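At position 89 of the sequence shown the residue is numbered 89 (full-length UniProt numbering), and the sequence of numbers has no breaks. For every residue, glycine included, the Cβ atom is placed at its ideal position computed from N, Cα and C. Treat the numbers as computed from the prediction; the structure is a model and nothing was measured. Taking it in order: structure first as structure tokens, then the write-up.
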Amino acid sequence: MTIALIGATGFIGSRILAELVSRGHKVTAIVRNPEKVPALAGVTAVKGDIFDKDGLARLLAGHEAVISSVHYLASDADALLGAVKQSGVKRYLVVGGAGSLEVAPGVKLFDTPDFPAAYHAEAKKGGAYLELLRQEEALDWSFLSPSAVIAPGERTGKFRLGGDQLLVDGGGNSAISAEDFAVALVDELEKPAHSRKRFTVGY
1 MTIALIGATG
11 FIGSRILAEL
21 VSRGHKVTAI
31 VRNPEKVPAL
41 AGVTAVKGDI
51 FDKDGLARLL
61 AGHEAVISSV
71 HYLASDADAL
81 LGAVKQSGVK
91 RYLVVGGAGS
101 LEVAPGVKLF
111 DTPDFPAAYH
121 AEAKKGGAYL
131 ELLRQEEALD
141 WSFLSPSAVI
151 APGERTGKFR
161 LGGDQLLVDG
171 GGNSAISAED
181 FAVALVDELE
191 KPAHSRKRFT
201 VGY
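Written out as structure tokens, the structure is:
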């Protein structure tokens with residue numbers, strides 16, 4: 001497939017880029033600094049401004065799907081979503097956060113006392129973006145939230161998928177490697193199973 005990946009050099013975006021390339025997809029890597037994109041087969045690096053709706057829409061146009069991997073505090077929800085809609089690309093996959101996942105009925109992770117204060121604003125903005133998507137009728141979107149802890153690790157390809165609830169293992173841990181997160185996202189790209197839904201991945 002031909003994929004536009006916004007934020008291809010970030011912590012998670014770089015893993016998604018590697019996973020897409022390993023499966024033979026052609027990727028337009030849209031970043032602030034194209035020189036930081038690794039020279040990989042099938043990858044074209046282009047400079048893009050996520051605050052420039054019209055310019056970004058032009059870069060996205062003509063692809064089969066858009067993947068967005070950007071920090072919510074470092075982007076404008078209306079401009080980003082507007083660019084995707086304006087581009088004419090219908091399939092839109094979003095790297096979400098764990099904060100908006102439920103830990104009990106009606107209780108989100110970012111509302112719990114132990115949620116790190118340093119991540120609270122980012123998590124709340126990510127939750128707001130999900131609510132924007134849920135009102136969106138023009139796009140075939142999917143929003144993938146990681147587990148509570150996402151860190152560099154191994155690509156195992158073995159994990160569980162869930163819906164709006166935080167996944168925890170038998171020991172009460174909630175974790176996923178960035179590499180396996182990328183596997184789950186590209187799986188969804190290739191075989192859509194969560195159209196117009198948020199889902200989550202964890203061990």
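- Going by beta carbons, H25 and I3 fall inside the 8 Å limit.
- Boundaries of the alpha helix (DSSP H) harbouring D180: A178 to E190, taken from the DSSP string.
- Taking a C-beta distance under 8 Å as the contact criterion, S68 and V27 do not qualify as a contact pair.
- Between the beta-carbon of V70 and that of I50 there is about 6 Å, and that keeps the pair under the 8 Å contact cut.
- A148 is classed as buried because its beta carbon has at least 16 other beta carbons within 10 Å across all chains shown.
- Around G88, the same chain offers A61 as residues with beta carbons nearer than 7 Å, after the five sequence neighbours per side are excluded.
- Of all C-beta pairs linking the region 144-159 to the region 180-199, three or more are shorter than 8 Å, placing the two stretches in contact.
- The Cβ atoms of G162 and T200 lie closer than 8 Å to each other.
- With respect to A193, Y129 sits apart: the two C-beta atoms are not nearer than 8 Å.
- Rounded to the nearest angstrom, the Cβ distance from Y203 to A184 is 11 Å, too far for a contact under 8 Å.
- Burial check for R160: the Cβ neighbour count within 10 Å stays below 16, so the residue is exposed.
- For the pair R91 and L81, the Cα-to-Cα distance works out to about 12 Å.
- For F11, the enclosing alpha helix (DSSP H) covers residues F11 to S22.
- When secondary structure is reduced to three states using DSSP, D78 falls in the helix class.
- Beta-bridge analysis with DSSP links S145 to T200.
- Counting only unbroken stretches of 3 or more residues, the beta strand (DSSP E) elements lying wholly within the region 88-161 are 91-95, 102-104, 140-145 and 149-151, in sequence order.
- Nearest neighbour of S22 by Cα position, chosen from E35, G10 and L40, turns out to be L40.
- CA-to-CA, the gap between G42 and I30 works out to about 14 Å.
- Per DSSP, reduced to three states, the secondary structure at V84 is helical.
- Classified as exposed, A151 has fewer than 16 neighbouring CB atoms from the shown chains inside 10 Å of its CB.
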